[in-house]
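Reading through the structure tokens given below for one structure.
Chains as they are written, first to last, in our numbering: chain A, 1 to 269; chain B, 1 to 179.
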């Protein structure tokens, strides 16, 4: 019973953090995608892995002029290298995380030596950090007990490997009932983490406000936006904060009312 | 009131289908896309229209030169606010129903004391018995702020169960139509 005490404590503390903090992100996207995000968590992860790989490749292209030709190993393996694991399982996200980590270290070292132009390099290092962190979060979810039915079932494990694209393609054309047996069993919090990661993807967050129930309010502003602020973006971000806080306030009022009712009931004669 | 229920129904339908709520607007040069989830987190996307973006014009310039953007902002924010408001209906109704249940039980338990109070017979012991209630009423809002969101979990679980049930029914239908 007490074996998973640490895990339980971690789960409670992360759930509490999620429920006691609001996060409002304002993002500038390069283009609008016409297709809707898939409902299946497995396909969401596959989308996310694709976005991360694409970003690593495009960043590799961007910096290849500086060290691609002089260091073939980096050119091949870090930014632009072929994906060995082209699916979206545990190993695929490990590979993405490793690539982002190595690429980040390379950029940092090159920046310190003055080999790269200063503009945008900090934003790119942050993007690589985001890819590394979220990939690790996804791995942590995937390795949890009961999340991946394929990992827990030796028969399924022998025939399906979601680190390979072929398995994803097979999964995509399954009937809903069959697909359900291979689908990830995520709780609501885990699903929200994956959905949010997929929504944000590799887009630029220009403004981020985190509001804690203890009264802490943190706003992060991207350097590019701080240099060139736009009144409209500020105003719409403020509107979104207002909506989020109002929603929260209503829910707290509901909880307080409930508490008052219960106390009223328990009041001694 | 009827409008509010319709609004709530629409918001929950969207929440169950897509796992969140969303409002979008299109101005001269950009799209505005706002997405929210049940915990109150909001993602706000500002996206240039494809054709204009392809010309390599800066997004900041697009926003500054857009004459309909302010009007669209008001529309999209209002629509999103209404949807979020709809989401609070279930917890509010739940508490309302629990409140009525508690009041009935409390009245049943304390029927004699209530009758005595109505007859105007006040005593020291009666007033003392009210003090704990007073104290707890002050503490409750404070405790509610720290622990209150845990009460949301059952609501989230109910929504998640409804979604699973719908998925199960839908799967069965697919299977029947194939079989």
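Yeah, the Cβ is synthetic: ideal placement off N, Cα and C, and Gly gets one too.
Residues bridged to residue i by DSSP?
i                     : result
residue 25 of chain A : A:208, B:43
residue 48 of chain B : B:30
residue 25 of chain B : B:32
Residue i CB to nearest chain B CB: under 8 Å?
i                      : result
residue 106 of chain A : no
residue 17 of chain A  : no
residue 199 of chain A : yes
residue 22 of chain A  : yes
residue 115 of chain A : no
residue 74 of chain A  : Caution is warranted here: a pLDDT of 49 is assigned to residue 74 of chain A, below 50, making its placement in the model unreliable, and no coordinate value can be reported.
Please confirm whether residue i has its beta-carbon closer than 8 Å to some beta-carbon of chain A.
i                     : result
residue 40 of chain B : yes
residue 13 of chain B : no
residue 16 of chain B : no
residue 67 of chain B : no
residue 37 of chain B : yes
residue 75 of chain B : no
residue 21 of chain B : no
residue 9 of chain B  : no
residue 44 of chain B : yes
residue 5 of chain B  : no
Are the C-beta of residue i and some C-beta of chain C separated by less than 8 Å?
i                      : result
residue 140 of chain A : No chain C is present in this structure, whose protein chains are A and B.
Enumerate, from N- to C-terminal direction, the unbroken alpha helix (DSSP H) stretches of 4 or more residues contained entirely within the region 174 to 252 of chain A. The qualifying runs are 176 to 182, 188 to 200, 223 to 227.
Residues within the region 232 to 253 of chain A neighbouring chain B, beta-carbon criterion of under 9 Å: Hits within the stretch, in order: 232, 233, 235, 236, 237, 239, 240, 241, 242, 243, 244, 245, 246, 247, 248, 250, 251, 252, 253.
Which runs of the alpha helix (DSSP H), 4 residues or longer, sit entirely within the region 107 to 154 of chain A? 121 to 143, 149 to 152
Interface residues of the region 140 to 163 of chain A facing chain B [CB-CB below 9 Å]: none
The region 143 to 155 of chain A touching the region 111 to 130 of chain A, judged by at least three CB pairs closer than 8 Å: no
For the region 26 to 49 of chain A, enumerate the residues whose C-beta is nearer than 7 Å to any C-beta of chain B, in chain order. Hits within the stretch, in order: 26, 27, 28, 29, 30, 31, 32.
Residues of the region 216 to 230 of chain A in Cβ contact with chain B at a cutoff of 8 Å, in chain order, please. 228, 230
Going along the region 181 to 200 of chain A in order, which residues come within less than 9 Å of chain B, judged by CB to CB distance? 187, 188, 189, 191, 192, 195, 196, 199, 200
Just checking, does the region 249 to 261 of chain A make contact with the region 48 to 60 of chain A on the three C-beta pairs under 8 Å criterion? no
Taking 8 Å as the cut-off, does the region 243 to 252 of chain A touch the region 27 to 45 of chain B (at least 3 CB pairs, one atom from each stretch)? yes
Would you be able to state if there are at least three C-beta pairs under 8 Å between the region 62 to 77 of chain B and the region 5 to 15 of chain B? no
Within the chosen definition, does the region 153 to 169 of chain A reach the region 208 to 216 of chain A through at least 3 CB pairs nearer than 8 Å? no
Any 3 or more C-beta pairs closer than 8 Å across the region 178 to 198 of chain A and the region 101 to 118 of chain A: no
Would you check if the region 159 to 174 of chain A and the region 54 to 62 of chain A touch, i.e. whether three or more CB-CB distances between them fall below 8 Å? no
Measuring CB atoms only, is the region 220 to 239 of chain A touching the region 84 to 97 of chain A, in the sense that at least three cross pairs come out at less than 8 Å? no
Would you call the region 217 to 224 of chain A and the region 17 to 26 of chain B touching, i.e. three or more CB-CB distances under 8 Å? Verdict: no, contact absent.
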